[in-house]
Structure formats: structure tokens, C-alpha cells
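Here is the structure we will look at, set down as C-alpha cells.
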Amino acid sequence: MRLAILAAFALCACAGYTHGNETISYDGGPFGVGTGADAGDAGNDAGTDGGVDGGDGGCTVLALNTVSVVDGCFGNGGTYTGSASVDPATACSAQVITGSGAACTGTATGSHDAFDGGCGGLSPCSSSSLPGTIVCANGIGSCSIVVDGGP
125 MRLAILAAFA LCACAGYTHG NETISYDGGP FGVGTGADAG DAGNDAGTDG GVDGGDGGCT
185 VLALNTVSVV DGCFGNGGTY TGSASVDPAT ACSAQVITGS GAACTGTATG SHDAFDGGCG
245 GLSPCSSSSL PGTIVCANGI GSCSIVVDGG P
């Protein structure tokens, strides 16, 4: 067995394997490995400048008349039935009625309706999305209001 392995190593070491064609051709012309040649500028096929920034991406319409709200700011962590809405026609105004007697108002931005505003006198309050978790500063730390958009 050892002899067979030794013979295989010797055969591999002595074989004259070729590297093949080291010049590869593509639509910009051939280039050689290790030639040091620069293909130059890629040209204008990348298109023109996109122009002036289009600005804010706006918001997405949201109208949830019945949502489950877990209010850790005003409702002692209780679960309530509330509502959530975002209206692009009114500068992306957002409103969450918690069901515990408090309301959150502010603005929403982007396709996920990121919320920025205040809730029941607490400010600032923010969320990365609506529905989602709104976190409010309450003077000594923070509290959260969870708006569940699922069934």
C-alpha cells in the first residue's frame, strides 16, 4: 500500500500539467495574467449621473382600526384594543390610540412608517416601524408601547 502511494506522488510530481491559455478574452479585449497592462477607463456604459436627490421617500398609508396595544407607559403593561393610522395626504401624520386613554401623535417616514413624535405628554417617542414598538423617554429612563398589527 505504501508503495502505491509513493508511486502516485512520484507520478504527480513528474507530470507536466499545462496552465492552459493564460490570456482571457472578454468584451473589452483580452488581458493577460501578470502582463501589467491596464485596460483603461470602463467607458460611459455605466450611464449618466442620477441627478438631484429626490428627497424624502414619504410614507405608506396605514389604517388599522383594531389593533392590540400593550401599553407599558400609561397602562401598566396591560393589553388594550386601539388603532393606528398614517396619512400621506397630511404630511405623513401618524396617530396611535392606545386604548388605555393615551394617544401618540407624530410623523411617519419611509416604507415601514418609522414613527417620530410624542405619546400622552412624553417626548421624544420613536419606532422603526408602525405597527411596531414605540419607545418613549419618561424622564428617568424609557417605556414602550407595542402596537401589534397582526391578527
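Under the numbering used here, think of the first position of the sequence shown as 125, with each following residue one higher.
Glycine included, every Cβ here is placed at the ideal spot set by N, Cα and C.
Given the structure is predicted, the values throughout are model-derived calculations rather than measurements.
* Coil, strand or helix - Thr214 by DSSP -> Helix.
* Enumerate in chain order the residues of its own chain whose CB-to-CB distance from Asp177 is below 8 Å, with the five nearest sequence positions on each side excluded. => Its pLDDT being 49, under 50, Asp177 is placed unreliably in this model, and the value from its coordinates should be taken loosely. Around Asp177: no qualifying Cβ.
* Classify Gly263 as helix, strand or coil using the three-state DSSP reduction. => In the three-state scheme derived from DSSP, where H, G and I count as helix and E and B as strand, Gly263 is classed as coil.
* To do: Round the Cβ separation of Val210 and Asp237 to the nearest angstrom and send it over; I've been treating them as touching at under 8 Å.
  => At roughly 5 Å, the Cβ-Cβ gap stays under 8 Å, so Val210 and Asp237 are in contact.
* Skipping 5 residues on each side, what residues in its chain have a beta carbon closer than 6 Å to that of Gln219? -> Taken in chain order, the residues that qualify are Ser209 and Thr229.
* To do: Mind reading off the beta-carbon distance from Thr203 to Val191? Whole number of angstroms is fine, and I expect it under 8 Å.
  => By a beta-carbon distance limit of 8 Å, Thr203 does not contact Val191. Their separation comes to about 11 Å.
* Specify the secondary structure class of Asn200 as computed by DSSP and reduced to three states. => The DSSP-derived three-state label of Asn200 is coil.
* Can Ala215 and Thr231 be called in contact, C-beta distance under 8 Å? -> Result yes, Cβ atoms of Ala215 and Thr231 sit closer than 8 Å.
* **Local conformation of Ala232 per DSSP, three classes** => In the three-state reduction of the DSSP assignment, Ala232 falls in the strand class, which pools E and B.
* **Between the CA atoms of Cys183 and Thr233 - distance to the nearest angstrom** => Distance between the alpha carbons of Thr233 and Cys183 is about 5 Å.
* To do: Look at the alpha carbon of Pro248 and the alpha carbon of Val185, and state the distance between them as a whole number of angstroms.
  => Approximately 23 Å between the Cα atoms of the pair.
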